[in-house]
Amino acid sequence: IQVMDLTQGSVTRSLITRTDLRDFATGASSLEALCILAKNGVEVSSLGGLHAKMYIFDDTCALVTSANATNSGLRRNLECGLATRDSRIVAQLSRTLLRGFDFEVPRLMNAPALERLKLALSSVKASISQATQVHVTDAEPEFSVTDDDALLAGFRGWTNLALRGVLALPPGNFELEELVKVCEPLATLEYPKNRHVQAKIRQQLQILRGHGIVEFVNYQGVYRRTM
Numbered sequence: 330i331q332v333m334d335l336t337q338g339s340v341t342r343s344l345i346t347r348t349d350l351r352d353f354a355t356g357a358s359s360l361e362a363l364c365i366l367a368k369n370g371v372e373v374s375s376l377g378g379l380h381a382k383m384y385i386f387d388d389t390c391a392l393v394t395s396a397n398a399t400n401s402g403l404r405r406n407l408e409c410g411l412a413t414r415d416s417r418i419v420a421q422l423s424r425t426l427l428r429g430f431d432f433e434v435p436r437l438m439n440a441p442a443l444e445r446l447k448l449a450l451s452s453v454k455a456s457i458s459q460a461t462q463v464h465v466t467d468a469e470p471e472f473s474v475t476d477d478d479a480l481l482a483g484f485r486g487w488t489n490l491a492l493r494g495v496l497a498l499p500p501g502n503f504e505l506e507e508l509v510k511v512c513e514p515l516a517t518l519e520y521p522k523n524r525h526v527q528a529k530i531r532q533q534l535q536i537l538r539g540h541g542i543v544e545f546v547n548y549q550g551v552y553r554r555t556m
């Protein structure tokens, strides 16, 4: 937040980051900080799986580094990175980031959408021990959300519909076609004019992956619920 505040109000400020609910639940990232940034005019976009730290200033300068934009990352930790003022390299880095490394295009999230995630986050936080929340470790914590209503409250529209379908499936892996069969009756009632249910559900799965609720088992259309 302090780094973003250093720029003048007329400057376009963009942040591309992960919005994985598990990161927020364990304290690895701050949903509250993203909400504040969005309310202050920063364009916040979600990109699932992002781990690179890239700081790009217009078309003049770029920094690729191991450091997070925190006081420790920028001032105290032993970090390593490279900076460039080569406009061609800066432009290429910018294109790479805006294209989501050719994996998926970052999804812009406004302040209300980020605020709604707090409702879903409450159910995720309740599913892990306090010790895991305070002490972030390399071990993947186990999540087992029991309050489905709270999780659903964080999403609207087609994303909410797709999540209801995911929650209705039995435990274990599932394929896109299985989820579509569960969601089709709901879609017929709620979106009777839509004739592209499978495409819409696939799109929502991408969003749910970005929030850490489902993940790929393989790239052949097989998924699993993570919490």
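Numbering (our numbering) for the sequence shown: 330 to 556. Don't be surprised by glycine CBs; every beta carbon is placed ideally from N, CA and C. The structure presented is a predicted model; accordingly, all values stated were derived computationally and were not measured.
At the C-beta level, Val526 and Glu513 come within 8 Å of one another.
Each residue's CA atom was taken as its position, placing Asn502 and Arg351 some 19 Å apart.
Listed as beta-bridge partners of Ser343 by DSSP are Glu372. A distance below 8 Å separates the beta carbons of Glu544 and Arg553. The continuous beta strand (DSSP E) containing Thr394 extends over residues Cys390 to Thr394.
The closest CA to that of Asp349, considering only Val551, His540, Gly410 and Met438, is found on His540. For Asn523, the secondary structure class from DSSP, reduced to helix, strand or coil, is coil. The residues Leu450, Val453, Lys454, Ile457 and Gln462, in chain order, have a CB closer than 7 Å to that of Ala354 in the same chain once the five nearest residues on each side in sequence are set aside. Restricted to the segment 416-488, the alpha helix (DSSP H) segments that are unbroken, complete and at least 4 residues in length are 416-427, 440-454, 459-463 and 477-481, listed in chain order. Remark: C-beta atoms of Glu372 and Leu437 approach each other more closely than 8 Å.
The three-state reading of DSSP puts Leu360 in helix, counting H, G and I together. Take the alpha-carbon of Ile418 and the one of Thr389: they are about 10 Å apart.
Taking the Cα positions, Arg524 is about 20 Å away from Ile536. Remark: fewer than three beta-carbon pairs, one from each stretch, lie closer than 8 Å, so the segment 407-418 and the segment 431-445 are not flagged as touching.
Its Cα nearest to that of Gln549, the residue Leu505 stands out among Lys382, Gly483 and Leu505. Remark: C-beta atoms of Ala391 and Leu422 approach each other more closely than 8 Å. The bridge partners DSSP lists for Ala412 are Leu392.
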